[in-house]
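In my numbering, the protein residues as written are 218 to 365. We put the beta carbon where it would ideally sit given N, CA and C, even for glycine.
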C-alpha cells in the first residue's frame with residue numbers, strides 16, 4: 218500500500234505493520250470521527266501512517282478461507298502463515314514469511330507447537346455462513362472431527 222498525505226505522513230517511510238483490506242474501514246472511521254460498528258475485525262492503521270506506532274493496535278492473527286478446489290484455510294500470525302487443505306481435516310503446512318516469502322519450504326514438521334496453535338486459530342475463526350458453503354465432501358469429512 219502507498220499512502221501520501223503531505224505534512225502528516227512522513228515521506229519515504231516503510232512499515233512492517235500487518236493488516237488487510239478490512240482495516241481500511243476502521244481507519245476511515247478514525248479519520249472521520251465515526252464509531253466503528255461492533256463486531257468487526259478491523260484495526261485502524263492511522264497511528265502507523267502518522268508515525269504514532271506506540272498507539273498502533275495489531276491483529277492477533279489474520280484468517281482466510283478459500284472454497285474452490287476442495288476448500289482451504291489460511292492464518293497469518295507473527296512471522297508465520299499456516300495453510301490447511303482441505304478445510305477442517307487436511308494437512309497443515311507452515312511457512313516462515315520472513316525467511317520464505319514464496320512459501321516454498323514447509324516447516325510444519327519442525328514446529329508442531331506452531332501448527333497446533335494455527336489449527337486452534339483456524340477453528341476459532343471459522344464461522345458457518347449460508348452464503349459461503351464449505352464444499353460438501355469437506356463438510357462431510359469434518360463431521361466428528363475433534364479439532365472443530
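In this structure, DSSP gives residue 317 a state outside helix and strand, which the three-state scheme calls coil.
If you draw a straight line from the Cα of residue 299 to the Cα of residue 221, it is about 33 Å long.
Scanning the stretch 263-323 for uninterrupted beta strand (DSSP E) segments of 3 residues or longer gives 279-283, 289-294, 297-302 and 308-313, listed from N- to C-terminal end.
Inclusion of residue 273 and residue 234 in the CB contact set at 8 Å is warranted, their separation being smaller than that value. Contact between the stretch 294-314 and the stretch 334-343 is present: 3 or more CB-CB pairs across the two stretches fall below 8 Å. With fewer than 16 other Cβ atoms inside 10 Å of its own Cβ, residue 315 counts as exposed. Burial is judged here by how many other beta carbons sit within 10 angstroms of a residue's own beta carbon; residue 283 has fewer than 16 and is exposed. In the three-state DSSP reduction, residue 346 falls in the strand class (E or B).
In the structure shown, residue 327 falls within a helical segment according to DSSP collapsed to helix, strand and coil. By the beta-carbon neighbour count (other beta carbons within 10 angstroms, threshold 16), residue 269 is exposed. If you draw a straight line from the Cα of residue 292 to the Cα of residue 247, it is about 26 Å long. About 5 Å separates the beta carbons of residue 332 and residue 309, which is inside the 8 Å limit, making them a contact pair. In the displayed model, residue 218 falls within coil according to three-state DSSP, outside both helix and strand. Sequence-distant Cβ neighbours of residue 239 in its own chain, meaning closer than 6 Å and more than five residues away, are 259.
For residue 255, there is no enclosing alpha helix (DSSP H), as DSSP marks it with neither H nor E.
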